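Counting along the sequence shown from 1, when you hit position 42 you're at 42 in full-length UniProt numbering, and nothing is skipped either side. Encoded as structure tokens, the structure appears first; notes follow it.
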Amino acid sequence: MLKTPSGGAGHGIAATDGRLMSIGTVLNVLRAEFPDITISKIRFLESEGLVEPQRTPSGYRKFSAHDVERLGHVLRMQRDHYLPLKVIREHLDAMERGEAVPVPTLCRQRDGEAAPQPAAAPTAARIGRAELLAAADIGEQELEEWESYGLITPLSDGAYDAEAVTVASLIAELGRFGIEPRHLRVMKAAADREAGLVDQVVAPLRRHRNPQTRAHAEARAKELAGLTVKLHAALVQTALGVRLP
């Protein structure tokens, strides 16, 4: 059994009776600890080699309890340690080989130092165009259209931030209700304005000469981003007169 980075096992991941689970069941199990997890995220982690579920003759994924436990470790190491997927995969593979390996860190304290030196901001997970199409289960024409409206934007090297998988999946899901990409430009504009507001708050910290202050800016940006997302969701629910579970 894999051990969690803190030495425990489970961390809220429900135990099973050994039967294989569908991807929908896995989603429900993981949501107890990771409420933002999506089917697209699970598929993306599979495409990156982090988990290898079995397949039925008709092609449906079937996950074992070990698969679910491994997914939990991956998500936890992303959330708590900001590690890139390649590092996480190598770490878990070493653990499964029985090697005693410490949790990789982006910043380590040297002997004799009074305090750790903050590392540079972690590099965001990236995926290629073909990986994005496969993970989001969309076609080239759809992606091109969404890019033309600025809903998805490649990075300077042509790759995409891994979060593009979530964006693409949500755009496709909204399309089932007749909401077209051109209708979503107002949402993209609102998101850009919200991001600009957060950036105004943290920009002075990012420019500070003290590296610890600059590192604090990233934590502050993440905290503010979470608050703006919650506020946005609450405002939409209030405007529509609905309450989401």
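Every residue, glycine too, gets a C-beta built ideally from N, C-alpha and C. These numbers come from a predicted model, not from an experiment.
Only counting the same chain, and skipping five residues up and downstream in sequence, which positions put a Cβ closer than 7 Å to that of residue i?
i, result
"V51", "L45, D67, R70 and L71"
"R206", "R214 and A217"
"A159", "R126, I127 and G128"
"L20", "Q54, K62, F63 and S64"
Does DSSP put residue i in a helix, in a strand, or in coil?
i, result
"R97", "coil"
"residue 249", "The structure shown has nothing for residue 249, since the chain only spans 1 to 245."
"I127", "strand"
"L244", "coil"
"E90", "helix"
"D36", "coil"
"P208", "First, the residue type needs correcting, since residue 208 is His and not Pro in the sequence shown. In this structure, H208 counts as coil in the three-state DSSP scheme."
"D199", "helix"
"I152", "coil"
"G178", "coil"
Which residues does DSSP list as the beta-bridge partners of residue i?
i, result
"M21", "F63"
"residue 264", "There is no way to answer for residue 264, as the model of the chain reaches only from 1 to 245."
In terms of residues, what are the limits of the alpha helix (DSSP H) holding residue i?
i, result
"I39", "I39 to S47"
"H183", "Here H183 belongs to no alpha helix (DSSP H), and DSSP marks it neither H nor E."
"T228", "P211 to L240"
"S148", "E140 to S148"
Could you pull out every residue in the same chain whose Cβ sits closer than 8 Å to the Cβ of residue i, ignoring the five residues on either side in sequence?
i, result
"L133", "G139, E140 and L143"
"H232", "A190 and E194"
"R185", "Y149, G150 and L151"
"R182", "Y149"
"D111", "In this prediction, D111 has a pLDDT of 39, which is less than 50 and means its spatial position is unreliable; what the coordinates show is noted afterwards. Contacts found: none."
Take residue i and list the residues in its own chain whose beta-carbon comes closer than 6 Å to its own, dropping the five residues that flank it on each side.
i, result
"L30", "I37"
"L75", "F34"
"S169", "S40 and A136"
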